[in-house]
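**Q** I have a structure I would like to understand better, so I am pasting it below and will then ask my questions one at a time.
In the numbering used here, the protein residues as written are 341 to 604.
Have a look at this one:
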């Protein structure tokens with residue numbers, strides 16, 4: 341019995357593959373569309389894509405085009421081809437603004453860019469584009485069922501941008517370019533006043549100011565030590581019990597000690 345079932349399945353599979361190959365070679369676009377529709381319904385998205393690619397130009401402007409281009413975009417999305425999915429979803433949203441699928445297509449187009457967003461240390465062009473697309477979606481569909489997810493993605497992507505800018509500023513501190521570090525941390529704190537990296541940014545700004553002041557030439561030491569003093573005060577004002585309290589306190593004591601030389 342098992343052998344019979346296996347044989348029947350093999351025959352069905354062969355027949356299915358044969359029908360697919362016939363559709364690929366057929367010059368009848370209706371045959372290709374029907375097979376692509378069937379494959380899509382079966383979750384065989386890669387095979388469906390090959391047929392969609394063949395017939396898409398022929399169906400533009402036809403009644404079946406809306407369904408075709410929606411399935412085409414979804415097939416790219418389901419197979420994780422997110423650049424192509426984003427393009428197809430955007431084309432669909434532009435071409436069928438009154439479609440019942442307009443919100444879904446607009447959201448998935450933006451989400452495709454969000455998925456493409458790389459780790460923070462790499463170029464963030466796709467991240468910026470994803471934020472732009474998601475914000476456009478939020479503005480256009482403020483009551484959408486996808487709103488919560490869109491807001492969540494925007495928040496995650498924005499934090500990634502913040503982390504990259506923060507890490508860039510910190511890198512100046514790491515390579516002992518303290519002047520550049522001070523400028524970079526000032527810019528970061530001004531641009532992202534509510535960032536979750538604020539405590540760290542304030543500490544490393546103080547650390548940069550401290551090291552610049554302590555190792556300064558005598559003519560500039562007092563001025564730079566006072567900058568370090570203000571930086572410390574900003575840190576403890578932000579959080580009196582900062583996680584850097586002990587280390588920062590020791591550094592501040594050294595700053596005060598050195599500044600005493602200028603009060604005599």
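Note that the Cβ used here is the ideal one computed from N, Cα and C, for glycine as well.
#1: Leaving out five residues on either side along the sequence, give the residues of the same chain with a beta carbon under 8 angstroms from the beta carbon of residue 616.
#2: With DSSP as the reference, label residue 579 as helix, strand or coil.
#3: Under 6 angstroms Cβ to Cβ from residue 548, same chain only, skipping five residues before and after it: list those, please.
#4: Quick check on the DSSP output: what are the complete alpha helix (DSSP H) runs of length 4 or more inside the region 350-435, in order along the chain?
#5: Do the region 575-582 and the region 553-563 make contact, defined as three or more Cβ pairs closer than 8 angstroms?
#6: For residue 456, which three-state DSSP category applies?
#7: Shortest alpha-carbon distance to residue 474 belongs to which of 386, 570, 492?
#8: If I follow the unbroken alpha helix (DSSP H) through residue 602, where does it start and stop?
#9: Among 465, 427, 461, whose alpha-carbon lies nearest the alpha-carbon of residue 447?
#10: Less than 8 angstroms between the beta carbons of residue 503 and residue 525, yes or no?
#11: Do residue 450 and residue 432 count as a contact pair if the criterion is CB distance below 8 angstroms?
#12: For residue 353, which residues in the same chain have their Cβ closer than 7 angstroms to its Cβ, ignoring the five residues on either side in sequence?
#13: Grouping DSSP H, G and I as helix and E and B as strand, with all else coil, what is residue 479?
#14: Is residue 543 helix, strand or coil by DSSP?
#15: From what residue to what residue does the alpha helix (DSSP H) around residue 534 run?
#16: Under a three-way DSSP split, which group does residue 437 fall into?
#17: Once you ignore the five residues that flank residue 565 on each side, which residues in its own chain have a CB closer than 6 angstroms to its CB?
#18: What would DSSP say about residue 517, mapped onto helix, strand or coil?
#19: Cβ of residue 498 within 8 angstroms of Cβ of residue 471?
#20: Among the residues of its own chain, which have a CB less than 6 angstroms from the CB of residue 551, if the five just before and after it don't count?
#21: Roughly how many whole angstroms lie between the Cα atoms of residue 424 and residue 537?
#22: Using only CA atoms, which one of 571, 539, 509, 402 lies nearest to residue 583?
**A** In this structure, then:
#1: Residue coverage of the chain in this structure runs from 341 to 604, which leaves residue 616 outside it and unanswerable.
#2: Coil.
#3: Within its own chain, the residues whose Cβ lies closer than 6 angstroms to the Cβ of residue 548, once the five positions on either side in sequence are excluded, are 513, 518, 521, 522, listed in chain order.
#4: If only uninterrupted alpha helix (DSSP H) runs of at least 4 residues are considered, those enclosed by the region 350-435 are 369-381, 385-399, 405-418, 422-435.
#5: The answer is no - the region 553-563 does not touch the region 575-582, with fewer than three Cβ pairs under 8 angstroms.
#6: Reduced to three states, the DSSP call for residue 456 is helix.
#7: Nearest to residue 474 by alpha-carbon distance, out of 386, 570, 492, is 492.
#8: Element bounds for residue 602: n/a, residue is neither H nor E.
#9: Ranking 465, 427, 461 by Cα distance to residue 447 puts 427 first.
#10: No, Cβ-Cβ distance for residue 503 and residue 525 is not below 8 angstroms.
#11: In terms of Cβ geometry, residue 432 and residue 450 do not form a close pair [threshold 8 angstroms].
#12: Residue placement at residue 353 is poorly supported in this model, since its pLDDT is 46, which falls under 50; the coordinates still yield a value, given next. Excluding sequence neighbours, residue 353 sits near nothing in its chain.
#13: It is helical.
#14: Here residue 543 sits in helix by DSSP.
#15: Run containing residue 534: none; DSSP gives neither H nor E here.
#16: Under the three-state reduction of DSSP output, residue 437 falls in the coil class, being neither helix nor strand.
#17: 553, 595, 598, 599, listed in sequence order.
#18: In the structure shown, residue 517 sits in coil (DSSP, three-state: anything other than H, G, I, E or B).
#19: For residue 498 and residue 471, yes; Cβs fall inside 8 angstroms.
#20: Around residue 551: 518.
#21: One C-alpha to the other measures close to 35 angstroms.
#22: The residue with the shortest Cα to Cα distance from residue 583 is 539.
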